[in-house]
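Once you know that position 103 of the sequence shown is 220 in this note's numbering, the rest is easy, because the numbers rise by one and skip nothing.
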Amino acid sequence: MHPAVFALKRAHQATRNRLDERLARYDLTAAQTDVLVALYYRSEVEQHALAETLGVSGPTLARILDAVEERGLVTRTESPTDARINLVSLSERGTTVVRDLTEAEGEAFTEAFLDGFSHTDVADLVRMLDRIAENMGDTSQNIYR
Numbered sequence: 118m119h120p121a122v123f124a125l126k127r128a129h130q131a132t133r134n135r136l137d138e139r140l141a142r143y144d145l146t147a148a149q150t151d152v153l154v155a156l157y158y159r160s161e162v163e164q165h166a167l168a169e170t171l172g173v174s175g176p177t178l179a180r181i182l183d184a185v186e187e188r189g190l191v192t193r194t195e196s197p198t199d200a201r202i203n204l205v206s207l208s209e210r211g212t213t214v215v216r217d218l219t220e221a222e223g224e225a226f227t228e229a230f231l232d233g234f235s236h237t238d239v240a241d242l243v244r245m246l247d248r249i250a251e252n253m254g255d256t257s258q259n260i261y262r
C-alpha cells in the first residue's frame, strides 16, 4: 500500500474514533450525523440524491434514515410528482440537534482536527481531498461549498 493511501486511512480512522467518542454523548453515530449535517445545508432532498452525496448505498441510507426518523430528527415524504421518490428533510427537532451539536462540539473538534494548519494549508487540504474523491470516482459535490 502506498504511504499516502495508508496515511489517509490512518487519519480517517483516528478522526472517526474521536468523532464517535464525542457523538456517543448525543446517542448518534457518525453516519447519522453525516445525514443530519447534509440535510442541515439543504432544505429538502431526494433520498437517492442524499445517498449519492454521502457516498453510501440506498439500503444503507434507508437504515440510517429509519433510525433518525424514529427519533423524530428527519421526515420522509413522498414526492408530489413521483410516488417512487422519497423527499428527506430535517425536522425542527433535527435542526435543533444539529445546532446544539455544532455549538457544543464543533469548534473544539475542528480546533483539534486542524491544529497546526494555516488557513492556506486547510484550503489546500480540502482541495486535495476533493481531488482524491474525484479521482476515485466520486461525482458528488462537497456539501460545504
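All residues carry an ideal CB built from backbone N, CA and C; glycine is no exception. Computed from a predicted model, the values in this text were never measured in an experiment.
- Message: Given a cut-off of 7 Å on the beta-carbon distance, is the pair residue 257 and residue 170 in contact?
- Response: Taking the sequence shown and counting its residues from 1, one reaches residue 257 at position 140. Taking the sequence shown and counting its residues from 1, one reaches residue 170 at position 53. Cβ distance < 7 Å, so residue 257 and residue 170 count as in contact.
- Item | residue 205, enclosing beta strand (DSSP E) - first and last residue | Counted from its first residue, the sequence shown places residue 205 at position 88. 203 to 207 is the extent of the beta strand (DSSP E) around residue 205.
- Name the DSSP bridge partner or partners of residue 192? Translated into the one-based positions of the sequence shown, residue 192 becomes position 75. Looking at the DSSP assignment, residue 192 forms a beta bridge with 206.
- Any idea if residue 199 is buried or exposed, counting beta-carbon neighbours within 10 angstroms, 16 or more meaning buried? What you label residue 199 is simply residue 82 of the sequence shown in a count that begins at 1. With fewer than 16 other Cβ atoms within 10 Å, it is exposed.
- Message: Applying the 10 Å Cβ sphere with the 16-neighbour rule, what's the burial state of residue 145?
- Response: Taking the first residue of the sequence shown as 1, we reach residue 145 at position 28. By the neighbour-count rule (16 or more Cβ atoms within 10 Å), residue 145 is buried.
- Task: Could you tell me if residue 150 is buried or exposed, where buried requires 16 or more neighbouring beta carbons within 10 angstroms of its beta carbon?
- Result: Position 33 of the sequence shown, counted from the first residue, corresponds to residue 150. With 16 or more Cβ atoms within 10 Å of its Cβ, residue 150 is classed as buried.
- Item | Assumed close pair residue 239, residue 246 - CB separation to whole angstroms, cut-off 8 Å | Locating residue 239 in the sequence shown gives position 122, where the first residue counts as 1. Locating residue 246 in the sequence shown gives position 129, where the first residue counts as 1. With 8 Å as the limit, residue 239 and residue 246 do not qualify as a contact, their Cβ atoms being about 11 Å apart.
- Query: How is residue 161 classed by DSSP in three states: helix, strand or coil?
  - Reply: Residue numbering aside, residue 161 sits at position 44 when the sequence shown is read from its first letter. Here residue 161 sits in coil by DSSP.
- In its own chain, which residues sit with a C-beta less than 8 Å from the C-beta of residue 191, not counting the 5 before and 5 after it? For this step, residue 191 is matched to residue 74 along the sequence shown. Taken in chain order, the residues that qualify are 152, 153, 156, 182, 185, 205, 206, 207, 208 and 211.
- In chain order, what residues of the same chain have a beta carbon less than 6 Å from the beta carbon of residue 161, not counting five sequence neighbours either side? As a working mapping, residue 161 is identified with position 44 in the sequence shown. 204 and 206.
- Message: Tell me the rounded alpha-carbon separation between residue 122 and residue 197.
- Response: Residue mapping note: residue 122 aligns to position 5 of the sequence shown, counting from 1. Residue mapping note: residue 197 aligns to position 80 of the sequence shown, counting from 1. So the alpha carbons of these two residues sit roughly 44 Å apart.
- Hey, residue 226 and residue 139 are a contact pair by Cβ (cut 8 Å); roughly how many whole angstroms apart? On the sequence shown, position 109 is the one that residue 226 refers to. On the sequence shown, position 22 is the one that residue 139 refers to. So it is a contact: roughly 6 Å between Cβ atoms.
- Would you decide whether residue 243 is buried or exposed? Buried here means 16 or more other CB atoms lie within 10 Å of its CB. Your numbering for residue 243 matches position 126 in the sequence shown. That one is exposed.
- Span of the alpha helix (DSSP H) around residue 119: Here residue 119 is taken as the residue at index 2 of the sequence shown, counted from 1. It is not in any alpha helix (DSSP H) - residue 119 carries neither H nor E in the DSSP assignment.
- Task: Given a cut-off of 7 Å, decide if residue 178 and residue 263 are closer than it, judged by their beta-carbon atoms.
- Result: This structure cannot settle anything about residue 263, because the visible part of the chain is limited to 118 through 262.
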